[in-house]
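In this note's numbering, the protein residues as written are 19 to 376.
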């Protein structure tokens with residue numbers, strides 16, 4: 019579907035016994051984006067929806083009191099563009115549209131622990147984005163993971179559009195995604211001092227909007243830099259040329275960028291480097307070990323990622339290196355905008371054998 023036609027060749031020995039790789043490819047589905055949401059989401063696999071209910075049940079225990087009022091505020095801030103999708107998913111999941119919409123704001127509400135490690139690699143075939151998505155708790159998200167490829171015969175601007183979302187069946191927002199208009203992006207968490215900006219846009223829903231409406235890599239970067247956000251973020255964006263690799267650091271109202279240089283890997287974890295260069299006024303104190311180990315992971319990721327022409331297997335082995343992977347790593351993702359492919363895998367150790375075809 020959206021994976022390479024030929025399986026990648028591993029570049030290192032399988033971890034563990036029985037010759038099994040330390041990762042397993044997640045299921046994938048292709049949706050018709052031109053259908054109304056209620057019809058479109060009926061194409062989602064039933065077993066993936068079961069795992070999504072498990073994930074939503076876990077999130078439900080962390081949702082704030084008055085989630086309905088919060089959903090109304092989010093719906094107003096996003097001009098109602100996601101409500102129909104939330105209603106359609108709620109019907110399938112046995113939930114409410116408000117709960118589904120708020121579940122897509124977990125990053126802004128800090129209802130789950132996020133971290134993540136991302137590398138933007140320069141290769142002879144064009145940029146490759148390789149990243150770990152870290153989430154607490156990792157198990158429910160890993161088991162619910164689904165690569166959703168949505169095709170529009172006529173996207174914004176009139177041309178055909180394909181959007182990939184490496185997420186879960188109830189995911190309206192995006193943490194890692196790719197557009198057929200030549201770019202991919204990935205969100206890393208960052209702590210930023212100060213209260214959330216309640217007039218800002220929720221980050222995951224905003225990134226979904228960027229994938230849908232941005233014309234190309236440059237337009238995506240401009241949009242990510244200028245939008246007012248609820249909270250801070252680090253967004254890595256890659257295009258079709260190796261010069262199109264950038265890390266955008268965000269506070270709710272400010273932005274800074276780090277561009278890839280030459281063939282060197284461009285890496286990001288969970289601390290500000292440009293906006294915090296003047297002495298720490300922007301960064302919040304690291305909260306716990308996940309983000310607290312950010313500097314060490316940045317150096318380890320830079321050393322681990324392959325150089326030159328890289329296979330998916332080489333990227334996955336780098337992402338599962340002991341100094342890079344974390345106990346809360348739920349997904350491994352590789353995006354190749356030049357080739358128009360995305361691959362989503364999850365740590366094999368988090369899967370329940372025999373469940374959902376794993």
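Using N, Cα and C, we set each Cβ at its ideal position, and we do this for glycine too. As the structure is a prediction and not an experimental result, all values here were calculated from the model.
Distance check for residue j and residue i, CA to CA, integer angstroms please.
i, j, result
"residue 104", "residue 253", "25 angstroms"
"residue 244", "residue 156", "32 angstroms"
"residue 342", "residue 370", "23 angstroms"
"residue 170", "residue 197", "11 angstroms"
"residue 264", "residue 289", "15 angstroms"
"residue 293", "residue 39", "39 angstroms"
"residue 180", "residue 221", "21 angstroms"
"residue 278", "residue 122", "30 angstroms"
"residue 111", "residue 280", "47 angstroms"
"residue 72", "residue 336", "30 angstroms"
"residue 246", "residue 80", "26 angstroms"
"residue 319", "residue 134", "11 angstroms"
"residue 58", "residue 92", "23 angstroms"
"residue 345", "residue 176", "44 angstroms"
"residue 70", "residue 108", "11 angstroms"
"residue 150", "residue 199", "23 angstroms"
"residue 178", "residue 233", "12 angstroms"
"residue 242", "residue 313", "24 angstroms"
"residue 218", "residue 274", "18 angstroms"
"residue 348", "residue 154", "8 angstroms"
"residue 332", "residue 205", "22 angstroms"
"residue 82", "residue 152", "22 angstroms"
"residue 322", "residue 138", "13 angstroms"
"residue 90", "residue 216", "13 angstroms"
"residue 52", "residue 97", "20 angstroms"
Below 8 angstroms on the Cβ atoms is my guess for residue i versus residue j; work out the distance and round it to an integer in Å.
i, j, result
"residue 334", "residue 256", "No, residue 334 and residue 256 are not in contact; Cβ-Cβ is about 18 angstroms, not under 8 angstroms."
"residue 49", "residue 168", "5 angstroms"
"residue 368", "residue 160", "4 angstroms"
"residue 238", "residue 203", "7 angstroms"
"residue 258", "residue 356", "5 angstroms"
"residue 126", "residue 214", "7 angstroms"
Within a Cβ cutoff of 6 angstroms, which residues of the same chain sit near residue i, ignoring the five residues on either side of it in sequence?
i, result
"residue 142", "327"
"residue 174", "231"
"residue 240", "none"
"residue 158", "72, 73 and 76"
"residue 56", "106"
"residue 140", "260 and 281"
"residue 43", "363"
Give me the DSSP bridge partner(s) of residue i.
i, result
"residue 150", "135 and 350"
"residue 365", "41"
"residue 183", "166 and 195"
"residue 267", "252 and 274"
"residue 201", "197"
"residue 15", "With the chain covering 19 to 376 only, the question about residue 15 has no answer from this structure."
"residue 4", "The displayed coordinates of the chain run from 19 to 376. Any statement about residue 4 would go beyond what the structure contains."
"residue 359", "354"
"residue 286", "136"
"residue 206", "252"
I'd like the list of long-range same chain contacts for residue i, defined as Cβ closer than 7 angstroms, with 5 residues on each side in sequence excluded.
i, result
"residue 183", "166, 189, 192 and 195"
"residue 63", "45 and 47"
"residue 41", "334, 338, 350, 363, 364, 365 and 366"
"residue 224", "245 and 247"
"residue 262", "145, 235 and 256"
"residue 100", "119, 190 and 223"
"residue 316", "285 and 287"
"residue 102", "55"
"residue 358", "198"
Kindly list the residues whose CB is nearer than 8 angstroms to the CB of residue i, restricted to its own chain and excluding five residues on each side of it in sequence; keep chain order.
i, result
"residue 67", "110, 111 and 187"
"residue 303", "At residue 303 the pLDDT is 49, less than 50, meaning the model places this residue with poor confidence and gives no usable figure here."
Exercise for the section: Determine, using beta-carbon pairs with one atom in the region 86 to 96 and one in the region 116 to 129, whether at least three such pairs fall under 8 angstroms. Expected result: For the pair of segments examined, the region 86 to 96 was found to touch the region 116 to 129: the number of CB pairs separated by less than 8 angstroms reaches three.
Practice task
Give a yes or no on contact between the region 228 to 236 and the region 277 to 295, applying the rule of three or more CB pairs nearer than 8 angstroms.
Solution key: The region 228 to 236, when compared against the region 277 to 295, does not touch it at the 8 angstroms Cβ threshold.
Practice task
Say whether the region 207 to 220 touches the region 256 to 270, bearing in mind that this needs 3 or more beta-carbon pairs closer than 8 angstroms, one atom from each stretch.
Solution key: Under the Cβ criterion (8 angstroms, minimum of three pairs), the region 207 to 220 counts as touching the region 256 to 270.
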